[in-house]
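*Asks:* A single structure is presented below for examination.
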Amino acid sequence: MLVKKIRILVFTAVLVSVTIMSSAQKETPLGDPDLNRQDLDRFDTDGDAKLSQEEKEVMFEAIALEAFTGQKLSREDLRGMRRSRGFSGPRGGRGMTPPIDRKELFDRFDTDQNGKLEGDERSPARKYVQSIRGKQSEGTTSKSAKKPSEQNELQTSQQSAPKTEVGLYDEKTLRTLYLRFPNADWYAELSDFYRTGVDIPADLIVDGKLYASVGISFRGNSSYRMTQDSKKKSFNIAIDYDHANQRLYGYKTLKLLNSASDPSFIREVLYSRISRQYLPAPKANFIRLVINGENWGIYPNIQQFNKDFLQDWFKTKDGVRWKISPGRGSRGGSLVWNGPDISDYQAAYQLKTKTVPQNAWQDLIHLCRILDQTPNDQLEEALRPIFNIDSALWFIALDNVFIDGDGYIGRGADYNIYLDPKGRFHLISHDNNE
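With this note's numbering, the residue at position 162 of the sequence shown is 162, and numbering never jumps.
Here you go:
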């Protein structure tokens with residue numbers, strides 16, 4: 001009975017989505033004439049006096065985002081949203097920072113070929129990135145004349161540590177993480193190396209213990225773009241950056257989100273907590289972050305979708321992982337059948353597993369073909385051996401209930417796919433803060 005109710009909910013959500021999208025197929029504005037003119041003036045970012053399909057998709061996303069945040073997006077924000085989806089448009093404005101090819105950057109500047117840009121290697125690489133992007137860094141935000149000594153922060157950290165042993169993602173525990181960068185312009189350097197694959201080393205202190213030389217980078221797409229007038233970015237922390245076996249309470253990667261479109265700061269943690277009752281989903285809690293002696297406030301601390309996640313939920317580190325990000329591929333990553341050619345899927349489905357079974361891509365394409373071409377009365381039977389149907393229904397229902405404007409229903413993106421060693425696919429949520 002419960003599954004039946006979920007299916008009805010999912011069917012209703014899909015029906016509404018299909019109705020909205022089908023009405024947006026023409027290249028002309030829709031609905032009431034007065035509303036048409038208003039929409040045209042706001043969302044015609046290329047100035048051709050009509051709303052293309054791409055501009056309408058941005059319109060739907062923007063309206064949902066404005067309804068959730070209560071803040072109206074500027075025209076420059078709308079242009080940036082369009083570019084972040086991979087659509088062309090007029091230059092200028094506050095669009096997404098273009099990525100730099102990591103292999104090209106490391107081939108050029110990683111002189112000792114150790115897979116990291118260290119010391120003298122980073123300085124010329126940084127200037128190169130600035131020249132490619134045509135911009136200077138945003139500068140340092142450090143307000144402290146002198147950061148506290150390492151010993152001082154170790155003592156302070158020890159005093160505030162939990163009195164009993166609790167896990168990294170314990171929801172009742174608010175830990176303080178102390179990051180110590182050696183350079184004063186660490187923020188500017190992180191900004192310059194955003195979306196390059198380059199980590200900046202720093203020391204981390206947690207619960208009175210020093211974790212030497214962890215790797216730091218800014219993360220996020222829309223969350224990064226939306227905070228350009230603010231300094232609070234999302235962080236990725238690689239605990240094993242310089243020491244392969246180094247872990248923080250059993251985990252090698254931290255994901256700290258800035259809740260750019262969530263003033264309450266609780267959406268991501270709440271989404272994950274409820275999701276975990278029904279399907280595999282990230283662990284999540286809150287942490288307090290201090291950088292070079294400055295208090296950067298509270299961050300949602302969200303478990304990374306990596307081998308640690310697989311071990312927690314599936315009791316294995318094997319299998320294949322894909323990440324589906326916004327703006328990758330012309331047709332998105334919503335399990336749409338694009339034909340038999342692997343190259344037609346590789347842009348939208350970002351492979352996150354280094355060693356991949358030979359048939360992994362073909363298995364993914366086979367799943368898309370079944371979803372597209374199997375008659376409805378045969379679909380459940382065809383999917384059951386290769387697709388976790390129950391988990392997927394919960395995944396879509398939660399996406400709909402939480403109105404995730406950046407997720408599977410809204411954009412066919414910002415989620416993960418896992419192919420387990422037995423050949424079964426699972427949908428996993430990702431970045432549910434919008």
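All C-beta atoms, glycine included, are put in the ideal place defined by N, C-alpha and C.
Predicted, not measured: the structure shown is a model, and the values here were computed from it.
Which runs of the beta strand (DSSP E) spanning at least 3 residues fall entirely within the region 158 to 230, listed in chain order?
*Replies:* Secondary structure in the region 158 to 230: the beta strand (DSSP E) runs of 3 residues or longer, each lying completely within the stretch, are 175 to 180, 200 to 206, 209 to 219 in chain order.
*Asks:* Pull up the distance between the alpha-carbon of residue 161 and that of residue 254, whole angstroms please.
*Replies:* Numbered from its first residue, the sequence shown carries residue 161 at position 161. Numbered from its first residue, the sequence shown carries residue 254 at position 254. Each residue's alpha carbon lies about 18 Å from the other.
*Asks:* Under 8 Å from any heavy atom of the ligand PLP, does the C-beta of residue 339 make it?
*Replies:* This structure lacks the ligand PLP, and indeed carries no ligand of any kind.
*Asks:* Can you check whether the C-beta of residue 306 is within less than 9 Å of a C-beta belonging to chain C?
*Replies:* Looking for chain C here will not work: only one protein chain is present.
*Asks:* Helix, strand or coil, according to DSSP, for residue 119 in the structure here?
*Replies:* In the sequence shown, the residue the question calls residue 119 occupies position 119. Three-state result, residue 119: helix.
*Asks:* On a CA-only basis, which of 248, 418, 221, 380 is nearest residue 435? Give me that one, please.
*Replies:* Residue 435 is absent from the structure shown; the chain starts at 1 and stops at 434.
*Asks:* Would you decide whether residue 414 is buried or exposed? Buried here means 16 or more other CB atoms lie within 10 Å of its CB.
*Replies:* For the purposes of this step, residue 414 is taken as residue 414 along the sequence shown, with counting starting at 1. Buried, since its Cβ has 16 or more Cβ neighbours within 10 Å.
*Asks:* If you draw a straight line from the alpha carbon of residue 194 to that of residue 129, how long is it in whole angstroms?
*Replies:* For the purposes of this step, residue 194 is taken as residue 194 along the sequence shown, with counting starting at 1. For the purposes of this step, residue 129 is taken as residue 129 along the sequence shown, with counting starting at 1. So the alpha carbons of these two residues sit roughly 10 Å apart.
*Asks:* May I have the straight-line CA-CA distance separating residue 266 from residue 101, to the nearest angstrom?
*Replies:* One-based indexing of the sequence shown puts residue 266 at position 266. One-based indexing of the sequence shown puts residue 101 at position 101. The alpha-carbon of residue 266 is positioned some 34 Å away from that of residue 101.
*Asks:* Tell me the rounded alpha-carbon separation between residue 173 and residue 288.
*Replies:* In the sequence shown, residue 173 corresponds to position 173, counting from 1. In the sequence shown, residue 288 corresponds to position 288, counting from 1. C-alpha separation (whole angstroms): 11 Å.
*Asks:* Between the C-alpha atoms of residue 250 and residue 56, what's the straight-line distance to the nearest angstrom?
*Replies:* On the sequence shown, position 250 is the one that residue 250 refers to. On the sequence shown, position 56 is the one that residue 56 refers to. Their Cα atoms are separated by approximately 45 Å.
*Asks:* CA-CA distance, residue 312 and residue 283?
*Replies:* Taking the sequence shown and counting its residues from 1, the one referred to as residue 312 is at position 312. Taking the sequence shown and counting its residues from 1, the one referred to as residue 283 is at position 283. About 10 Å.
*Asks:* Could you spell out the range, first to last residue, of the alpha helix (DSSP H) harbouring residue 396?
*Replies:* The sequence position of residue 396 within the sequence shown is 396, counting from 1. Segment 389 to 401, the alpha helix (DSSP H) holding residue 396.
*Asks:* Beta-carbon separation of residue 395 and residue 427 under 9 Å?
*Replies:* Your numbering for residue 395 matches position 395 in the sequence shown. Your numbering for residue 427 matches position 427 in the sequence shown. Result yes, Cβ atoms of residue 395 and residue 427 sit closer than 9 Å.
*Asks:* Counting only the same chain and skipping the five closest in sequence on each side, list residues whose C-beta sits under 6 Å from that of residue 430.
*Replies:* Taking the first residue of the sequence shown as 1, we reach residue 430 at position 430. Contacts found: 414, 415, 416.
*Asks:* For the 8 Å Cβ check, are there 3 or more pairs between the region 396 to 404 and the region 266 to 280?
*Replies:* Yes: the two stretches touch, three or more of their Cβ pairs being nearer than 8 Å.
*Asks:* Please list, in chain order, all residues of the same chain as residue 157 whose beta carbon is under 7 Å from its beta carbon, the five residues on each side excluded.
*Replies:* Within the sequence shown, residue 157 is the residue found at index 157, counting from 1. These residues qualify, in order along the chain: 176, 178, 205, 206, 207, 208.
*Asks:* I need the boundaries of the beta strand (DSSP E) containing residue 425, first residue and last residue.
*Replies:* Locating residue 425 in the sequence shown gives position 425, where the first residue counts as 1. Unbroken beta strand (DSSP E) run through residue 425: 425 to 429.
*Asks:* Do you know offhand how far residue 132's Cα is from residue 48's?
*Replies:* On the sequence shown, residue 132 is found 132 positions in, with the first residue counted as 1. On the sequence shown, residue 48 is found 48 positions in, with the first residue counted as 1. Going by the C-alpha atoms only, they are around 30 Å apart.
*Asks:* Which residues mark the beginning and the end of the alpha helix (DSSP H) in which residue 290 is found?
*Replies:* For the purposes of this step, residue 290 is taken as residue 290 along the sequence shown, with counting starting at 1. Note, residue 290: premise wrong, no alpha helix (DSSP H); beta strand (DSSP E) at 284 to 291.
*Asks:* I need the straight-line Cα distance from residue 356 to residue 147, nearest angstrom please.
*Replies:* If you number the sequence shown from 1, residue 356 lands on position 356. If you number the sequence shown from 1, residue 147 lands on position 147. Spanning the two alpha carbons is a distance of roughly 45 Å.
*Asks:* Can you grab the Cα-Cα spacing for the pair residue 293 / residue 233, in whole Å?
*Replies:* Start at 1 with the first residue of the sequence shown, and residue 293 comes out as number 293. Start at 1 with the first residue of the sequence shown, and residue 233 comes out as number 233. The alpha-carbon atoms of residue 293 and residue 233 are separated by roughly 17 Å.
*Asks:* So for residue 376, helix, strand or coil by DSSP?
*Replies:* Start at 1 with the first residue of the sequence shown, and residue 376 comes out as number 376. If DSSP states are grouped into helix, strand and coil, residue 376 belongs with the helices.
*Asks:* Tell me the DSSP secondary structure of residue 410 in three-state form.
*Replies:* Looking up residue 410 in the sequence shown gives position 410. Three-state result, residue 410: helix.
*Asks:* Under 9 Å, do residue 303 and residue 169 count as touching if we go by C-beta distance?
*Replies:* As a working mapping, residue 303 is identified with position 303 in the sequence shown. As a working mapping, residue 169 is identified with position 169 in the sequence shown. For residue 303 and residue 169, yes; Cβs fall inside 9 Å.
*Asks:* From this set, 372, 373, 374, 347, which residue's C-alpha is nearest residue 361's C-alpha?
*Replies:* Along the sequence shown, read from residue 1 onward, the residue named residue 361 stands at position 361. Closest option to residue 361, Cα to Cα, is 347.
*Asks:* For residue 320, write down the residues that DSSP places opposite it in a beta bridge.
*Replies:* Taking the sequence shown and counting its residues from 1, the one referred to as residue 320 is at position 320. According to DSSP, residue 320 shares a beta bridge with 419.
*Asks:* Nearest to residue 324 by CA position, among 335, 119, 316, 124, is which residue?
*Replies:* Stepping through the sequence shown from its first residue, residue 324 is reached at position 324. Among 335, 119, 316, 124, the Cα nearest to that of residue 324 is on 335.
*Asks:* Taking only three categories from DSSP, how would you classify residue 234?
*Replies:* In the sequence shown, residue 234 corresponds to position 234, counting from 1. Here residue 234 sits in strand by DSSP.
*Asks:* Following the continuous alpha helix (DSSP H) through residue 311, name the residue where it begins and the one where it ends.
*Replies:* Translated into positions along the sequence shown, residue 311 becomes position 311. Per DSSP, residue 311 belongs to the alpha helix (DSSP H) from 307 to 314.
*Asks:* Looking at C-alpha atoms only, which residue of 298, 221, 63, 242 is the closest neighbour of residue 444?
*Replies:* Nothing about residue 444 can be reported from this structure: the residues present for the chain run from 1 to 434 only.
*Asks:* Quick check on the DSSP output: the beta strand (DSSP E) that includes residue 302 runs from which residue to which?
*Replies:* Here residue 302 refers to the residue found at position 302 when the sequence shown is read from its first residue. Unbroken beta strand (DSSP E) run through residue 302: 294 to 302.
*Asks:* Going straight from the alpha carbon of residue 122 to that of residue 389, what length do you get?
*Replies:* Along the sequence shown, one-based indexing puts residue 122 at 122. Along the sequence shown, one-based indexing puts residue 389 at 389. Approximately 47 Å between the Cα atoms of the pair.
*Asks:* Which residues mark the beginning and the end of the alpha helix (DSSP H) in which residue 270 is found?
*Replies:* Locating residue 270 in the sequence shown gives position 270, counting from the first residue. Residues 267 to 275.
*Asks:* Out of 398, 316, 226, 320, which one is the CA nearest neighbour of residue 268?
*Replies:* One-based indexing of the sequence shown puts residue 268 at position 268. For residue 268, the nearest C-alpha among the options comes from 398.
*Asks:* Quick one: measure Cβ to Cβ for residue 307 and residue 315, integer angstroms, because I've assumed they're closer than 8 Å.
*Replies:* Locating residue 307 in the sequence shown gives position 307, where the first residue counts as 1. Locating residue 315 in the sequence shown gives position 315, where the first residue counts as 1. At roughly 12 Å, the Cβ-Cβ gap does not stay under 8 Å, so residue 307 and residue 315 are not in contact.
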